[in-house]
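Using numbering that gives the first Met the number 0, the first residue of the sequence shown is number 0, and each one after it goes up by one.
Beta carbons are placed, not taken as given, at the ideal position from N, Cα and C, and that holds for glycine.
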Amino acid sequence: MLAVLPSASAQAYTPPRTPDGQPDLQGIWQVRNSPDKDLEKAKGLIVEPKNGKIPYQPAALAQKKQNEKNSATADPLNKCYMPGVPRLNLLNYPFQIFQTADQVAIAHEYIHNWRNIYLKRNKHLEQIDFWQGDSIGHWEGDTLVVDVADFNDQTWFDKAGDFHSDALHVTERYTRTGPDTLRYEATIEDPKTFTMPWKISAELRRNTQPNARLLEYECHYLADVAATKKEGK
Numbered sequence: 000m001l002a003v004l005p006s007a008s009a010q011a012y013t014p015p016r017t018p019d020g021q022p023d024l025q026g027i028w029q030v031r032n033s034p035d036k037d038l039e040k041a042k043g044l045i046v047e048p049k050n051g052k053i054p055y056q057p058a059a060l061a062q063k064k065q066n067e068k069n070s071a072t073a074d075p076l077n078k079c080y081m082p083g084v085p086r087l088n089l090l091n092y093p094f095q096i097f098q099t100a101d102q103v104a105i106a107h108e109y110i111h112n113w114r115n116i117y118l119k120r121n122k123h124l125e126q127i128d129f130w131q132g133d134s135i136g137h138w139e140g141d142t143l144v145v146d147v148a149d150f151n152d153q154t155w156f157d158k159a160g161d162f163h164s165d166a167l168h169v170t171e172r173y174t175r176t177g178p179d180t181l182r183y184e185a186t187i188e189d190p191k192t193f194t195m196p197w198k199i200s201a202e203l204r205r206n207t208q209p210n211a212r213l214l215e216y217e218c219h220y221l222a223d224v225a226a227t228k229k230e231g232k
């Protein structure tokens, strides 16, 4: 069995540090070639299993196909709902990372989503669920590892109807691989929906423009947009 090792460039790069000594992930980041349309069709995104297919249980696969058939109206994003994890990081919109000794905060341009990753907690909240999950992080060398749990079952992974249940558990890994590149990985587990865990990996690029900032975002419920067009407004 072959071990999968980090690339030479990732091993060689030493990221800058924050004043408290953490690897500095701060900046405005955005995924390259947004895979949000269909995770399975995004080249090289799903790295486990090796066939690049999401390992659905039979009943869940039937539900996924039904979701895809009705995605124009059923996709939660078309209703201005929160995207969930990991979809938030795979949209064609930038996000900004902020760090303190106790937390990593991520502000997303898309409908002004905000995540807090708690570095000094070791236990998830009980009897409560979230659109974005509850995020607890720690450092493994230069990699931020985030354990995300306590999800509701209302979000999708993409526009193709890929979905999950309330048993979703996501393990994220954020690793600086260069001055302006960040490797984002997410291992996805859900025993109610999938036959095994699966993993995605994507490269994020940092916006280096001197005046870079997140812009204002206004979300319109798709049904309202369609009605406006029908009325000729």
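Legend entry - CA nearest to the CA of Glu-139, picked from Pro-15, Thr-17 and Pro-22: It is Pro-22 whose Cα lies nearest to the Cα of Glu-139.
Inset, instruction - Report the residue ranges of all beta strand (DSSP E) runs contained in full by the region 52-99; include only those spanning at least 3 residues, in chain order. - result: 94-98
Legend entry - Burial state of Asn-88 (16 or more Cβ within 10 Å): Buried, since its Cβ has 16 or more Cβ neighbours within 10 Å.
Legend entry - Beta-bridge partners of Pro-22, as assigned by DSSP: Arg-16
Legend entry - Contact set for Gln-29: own chain, Cβ-Cβ below 8 Å, skip 5 residues either direction: Asn-91, Tyr-92, Pro-93, Phe-94, Leu-203, Arg-204 and Asn-206
Legend entry - N-terminal and C-terminal residue of the beta strand (DSSP E) that Arg-175 is part of: 168-177
Inset, instruction - Could you tell me which of Gln-25, Pro-209, Asn-210 and Pro-15 sits nearest to Ile-96, measuring between CA atoms? - result: Gln-25
Legend entry - Exposure of Ile-127, with buried meaning 16 or more beta-carbon neighbours within 10 Å: exposed
Legend entry - CA-to-CA distance, Arg-114 to Gly-83, given in whole angstroms: 10 Å
Legend entry - Asn-210 versus Lys-63, Ile-27 and Arg-16, residue with shortest Cα-Cα distance: Ile-27
Legend entry - Member of Ile-110, Val-144 and Phe-129 whose CA lies at the smallest distance from the CA of Asn-121: Val-144
Legend entry - Within 8 Å, strictly: CB atoms of Asp-37 and Asp-189: no
Legend entry - Whole-angstrom C-beta distance between Thr-170 and Thr-186, which should lie under 8 Å: 4 Å
Legend entry - Strand pairing of Val-103, partner residues [DSSP]: Gln-98 and Ile-116
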